[in-house]
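Trainee:
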Amino acid sequence: MKMDAINLKRTLESGQVFLWYERRGIYYIICSSSVVKIESCNGEFVYESRPEHVDVERLFRMDDDIHAINSSIGCKDALIADAIERFKGLRIMRQDPFQCLISFICATNTNIARVRQMLECICRRFGGKIELDGITFHTFPSVRALQDASINDLVGCGLGYRTRFIVQAVRSYAEMDVDDLVKGCYDDARDVLLSIDGVGNKVADCVMLFSLEKLEAFPIDVWIGRVIARYYRHITGIGDMVKFTPPMYRRVSSAMRGYFGMYAGYAQQYLYCYARAYM
DNA sequence: GACCAGGAGTTGA
DNA sequence: TCAACTCATGGT
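Under our numbering, read the first sequence as residues 29 to 307, first letter to last.
Okay, structure coming up:
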């Protein structure tokens, strides 16, 4: 498959997905109950997955017209145009909603390395085991498998105060109709997500952008907050780096959605990489 | 030992 | 409705 428009390393390292591994240039990604293996051969990507088939083109949102998207956000200002150029090949992935939700609840108030530790522990304890290329992978548990987990079962995964949130969120998710959220509008999906214990504005935006087809979602973490304070004061009115209160988050995120339009989420991802590299 | 990390729930004005 | 406080934990 031709995936030359995609920079795999850049995409996987951009903080949107946590459970992936690189061994001698080969990438292994945990997608729900499967492992996807991808390697580059003569400019093309060769991939396989097991135990179940994973649609890799779907996973990497190959159905998005990235040139049209880059044009539509890149014409807004010089900074985003520069970020697109510097981080060419960065893509937004289409994750499994359950794995994405649990991942970003774990990602609150911590760093990416530790999120990975927490999720790996959850996979080891509750997920499946797959051998591939002599490596043992633990896949992400099903909703059912985590539904049976108690707080005591989860203690030891280093989740801290997030433990009870995970337990509650799994229960909520089991009763949700995810298709409704995918088909519905941004505001409706956000309201449902915000009703889940442990999910606030930022986590809701990440889940919507990375797994619920809401490409206009504009998550604001500390890095995006720095970008906004320095470069988008004229859009948001925020001039100093501040801790975003929920109402302020809503206003600023909404302003950025209005500014970048229906692909604001892609703009956010480019700016996130820009901030981590240069700020 | 303070500070930071892809924050959110609770509390009290 | 909104800001201040608290919530574990590991790395620097």
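Here a beta-carbon is modelled for each residue, glycine too, at the ideal position from N, C-alpha and C. Keep in mind the model is a prediction, meaning the values are calculated, not measured.
Three-state secondary structure (DSSP) at His95?
Mentor: Three-state result, His95: helix.
Trainee: Locate the beta strand (DSSP E) running through Thr164, then write down its first and last residues.
Mentor: 163 to 166 is the span of the beta strand (DSSP E), which, as asked, contains Thr164.
Trainee: Do three or more CB pairs link the stretch 65 to 82 to the stretch 112 to 125 at distances below 8 Å?
Mentor: Not touching, per the Cβ criterion.
Trainee: Consult DSSP for Ile179 and reduce its assignment to one of helix, strand or coil.
Mentor: Ile179: helix per DSSP, three-state reduction.
Trainee: Taking the CB atoms as reference points, tell me whether Val171 and Phe126 lie closer together than 7 Å.
Mentor: Yes; because the gap between Cβ atoms is below 7 Å, this pair is in contact.
Trainee: Can you tell me whether DSSP reads Leu221 as helix, strand or coil?
Mentor: Looking at Leu221 - three-state DSSP - the assignment turns out to be helix.
Trainee: Where does Glu113 fall in DSSP's three states?
Mentor: Note: Glu113 maps to helix in three-state DSSP.
Trainee: In terms of residues, what are the limits of the alpha helix (DSSP H) holding Ser239?
Mentor: Note, Ser239: alpha helix (DSSP H), 229 to 239.
Trainee: Within the chosen definition, does the stretch 181 to 193 reach the stretch 132 to 152 through at least 3 CB pairs nearer than 8 Å?
Mentor: These segments touch.
Trainee: Once you ignore the five residues that flank Gly226 on each side, which residues in its own chain have a CB closer than 6 Å to its CB?
Mentor: Contacts found: Ile133, Phe193, Ala197.
Trainee: May I ask you to report which of helix, strand or coil DSSP gives Lys211?
Mentor: It is helical.
Trainee: What residue range is occupied by the uninterrupted alpha helix (DSSP H) comprising Glu76?
Mentor: Here Glu76 belongs to no alpha helix (DSSP H); instead the beta strand (DSSP E) covers 72 to 78.
Trainee: Can you find at least 3 beta carbon pairs, one from the stretch 96 to 112 and one from the stretch 58 to 73, that sit closer than 8 Å?
Mentor: Contact fails: fewer than three Cβ-Cβ distances are below 8 Å.
Trainee: Please state whether the Cβ-Cβ distance between Cys128 and Val235 is less than 7 Å.
Mentor: Yes, they are a contact pair.
Trainee: If you check the beta carbons only, do Leu160 and Val84 fall under 7 Å apart?
Mentor: Not a contact, by the Cβ cut-off of 7 Å.
Trainee: Verify whether the separation of the beta carbon atoms of Thr264 and Ile252 is less than 7 Å.
Mentor: It is not a contact, given that the beta carbons lie outside the stated cut-off.
Trainee: For my contact list, Ile120 and Asn98 are in at a C-beta cut-off of 8 Å; report their separation, rounded to the angstrom.
Mentor: 12 Å between Cβ atoms; not a contact.
Trainee: Within 10 Å of its beta-carbon, does Lys242 have 16 or more other beta-carbons around it, so buried, or fewer, so exposed?
Mentor: Burial call: buried.
Trainee: When you compare only the Cα positions, how much space is there between Arg199 and Gln175?
Mentor: Cα-Cα distance, rounded: 6 Å.
Trainee: Given a threshold of 16 other Cβ atoms within 10 Å of its Cβ, counted over all protein chains shown, does His262 qualify as buried or as exposed?
Mentor: Under this definition His262 is an exposed residue.
Trainee: Identify the residues that DSSP records as bridge partners of Cys69: which are they?
Mentor: In DSSP, Cys69 forms a bridge with Glu72.
Trainee: Less than 8 Å between the CB atoms is what I'm expecting for Val231 and Thr136, so what's the real figure, rounded?
Mentor: Val231 to Thr136, Cβ: 7 Å. Contact.
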